[in-house]
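K.L.:
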Amino acid sequence: MCNSCVMLFDDRERSILPEFTALPKLKSGEILVKNKYATLCGSDLHTFTGRRKEPSPIVLGHEIVGEIIEMASNEPFYDLNGNILKLGDIVTWTIFAAPNEDEFVKDKMPQKSASLFKYGHVKFTKEEKFNGGLGTHCVLKKGTGILKVPSSINEKFAPIINCAGATAMAAFRLIDKIENKNVLILGAGVLGLIASSIAEQKKAASVTVFDIDKDRLEKSKSFGAKYIYNALSPIEELENIMSQFYKKGFDVIIDMSGSVDAIKTGLKYSAIGTQHIWIGAVTPTEDIAVNPEMMIRKLLSIKGMHNYNFEDFVNAVSFFEEHFSAYPFQTFIEKEFELKETKEAFEYAVKYKPFRVLINI
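Heads up: the sequence shown begins at 1 in full-length UniProt numbering, then just goes up one per residue.
1) Taking only the alpha-carbon atoms, compute the straight-line gap between D213 and Q275 and give it to the nearest angstrom.
2) Determine the extent of the beta strand (DSSP E) in which Y37 is found, giving its start and end residues.
3) Helix, strand or coil, according to DSSP, for Y348 in the structure here?
4) Can I277 and K298 be called in contact, C-beta distance under 8 Å?
5) According to DSSP, N182 sits in a beta bridge with which residue or residues?
6) For P55, which residues of its own chain have a beta-carbon under 6 Å away from its beta-carbon, when the five flanking residues on both sides are left out?
7) State yes or no: is the C-beta of Q359 within less than 8 Å of the C-beta of L134?
8) So, does the CB of E334 fall closer than 8 Å to a CB anywhere in chain B?
9) State buried or exposed for V350, treating a residue as buried only when at least 16 other CB atoms are found within 10 Å of its CB.
10) With 16 as the cutoff for other CB atoms within 10 Å, does F20 come out buried or exposed?
11) Please go through the same chain and pick out, in chain order, the residues whose beta-carbon is closer than 7 Å to the beta-carbon of residue 400, but skip the five residues on each side of it.
12) Rounding to the nearest angstrom, what Cα-Cα distance links T136 and A205 in this structure?
13) Using alpha carbons as the reference points, say which of G82, I90, V6, G145 lies closest to K126.
14) Apart from the five residues on each side of it in sequence, which residues of its chain come closer than 7 Å, Cβ to Cβ, to D312?
15) Exposed or buried, which one is N309 when buried takes at least 16 other CB atoms within 10 Å?
16) Between the beta-carbon of residue 379 and the beta-carbon of F346, is there less than 8 Å?
17) Find out if the Cβ-Cβ distance for the pair G143, N100 is shorter than 8 Å.
18) Report the rounded CA-to-CA distance for S270 versus S301, giving the unit in angstroms.
19) In chain order, which beta strand (DSSP E) runs of at least 3 residues are fully inside the segment 107-182?
20) Start and end of the alpha helix (DSSP H) containing M71?
21) Please list, in chain order, all residues of the same chain as E155 whose beta carbon is under 7 Å from its beta carbon, the five residues on each side excluded.
22) For residue 393 and E63, what's the separation of their Cα atoms in angstroms?
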């Protein structure tokens, strides 16, 4: 399409148009990547439709894989596994950059750094041009967690790892124990199906996936789900599943849906000692009443997770390196578009709601 350009989204005009611009001179600690593939995340779609407000104009896209083509100095650069990075390496990276000295980074919450930089979330300016996936290049800032893409992982799937994959992995860091536990996953989207496969590999006693989409529920069976429940069906069907469990409820409940009704159902069908992990509700939503006596008597816990940290990202890449061939992860990519077709890709994703569309750059 061009040697160096971005697809610029303007929320006032609701437009996505190419902006042809020269590559910047790298600053100390920066790496220039030639983007290869980007996938459209749900948050990208929320921005496109106006459900979510981001600075405008903006280069969207934070699920990205690319090739290192330039480094700012002759000093060695390392990935999060301690490997030396070199020109030609195919890499993916955290959706954020954060300085090591930040207190949030020290507390293993880099995604909340006071100096946070998020790819695909920064306004396009003369100084900040190549900072998202929907462009020919991306400049990786100092403080970005970078990992080489293992050869066992299909490169077209790999962009999903640095958002949905790492976020799903973050949920399991919050869980005290999952082995031999009965897990309920609310939502059968990309996050939910990845979480289902992780739970199976971590030896959960059972995984139940909860959604309203019958096709996605059926698909979840190939991602480790032992039981499925359609929320449009009689609640007795869910109760029949739980009746098989010793505690007559779910031990671990992970919400990937953001649905208030789903979260309420999870609270209602908690076992004694249930751990609730809430991830999906990242757009404004209504409050939920939680009864203190129920929380106390049933020994419940609720933890929230937004994005992920460096450890989660490393563990996610490692998980897919080991288990990519065990599950049909590649089927998440349901449609491919060229960079010049970015607007058409968004329109397709909004209309047909595929798991992911891929932008081939």
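Ideal Cβ positions, reconstructed from N, Cα and C, are used throughout, including at glycine.
All of these numbers come straight from a predicted model, not from anything done at the bench.
P.N.:
According to the structure data:
1) 25 Å
2) 31-39
3) The answer is helix: DSSP assigns Y348 an H, G or I state.
4) no
5) S206
6) For P55, where only same-chain residues beyond five positions count, the Cβ hits under 6 Å are K123.
7) The sequence shown places Ile at residue 359, not Gln. Yes, the Cβ-Cβ distance between I359 and L134 is below 8 Å.
8) Of the protein chains in this structure there is only one, and it is not chain B.
9) exposed
10) Answer is exposed; the Cβ neighbour count stays below 16.
11) The displayed coordinates of the chain run from 1 to 361. Any statement about residue 400 would go beyond what the structure contains.
12) 45 Å
13) Just measuring C-alpha positions, the residue of G82, I90, V6, G145 sitting nearest K126 is V6.
14) A166, M169, A170, R173
15) buried
16) Nothing can be reported for residue 379: it is not among the residues displayed for the chain, which extend from 1 to 361.
17) yes
18) 10 Å
19) Unbroken beta strand (DSSP E) runs of no fewer than 3 residues, entirely contained in the segment 107-182, are found at 137-140, 144-148, following chain order.
20) It is not in any alpha helix (DSSP H) - M71 instead sits in the beta strand (DSSP E) that spans 63-71.
21) K36, Y37, V65, I90, V149
22) Nothing about residue 393 can be reported from this structure: the residues present for the chain run from 1 to 361 only.
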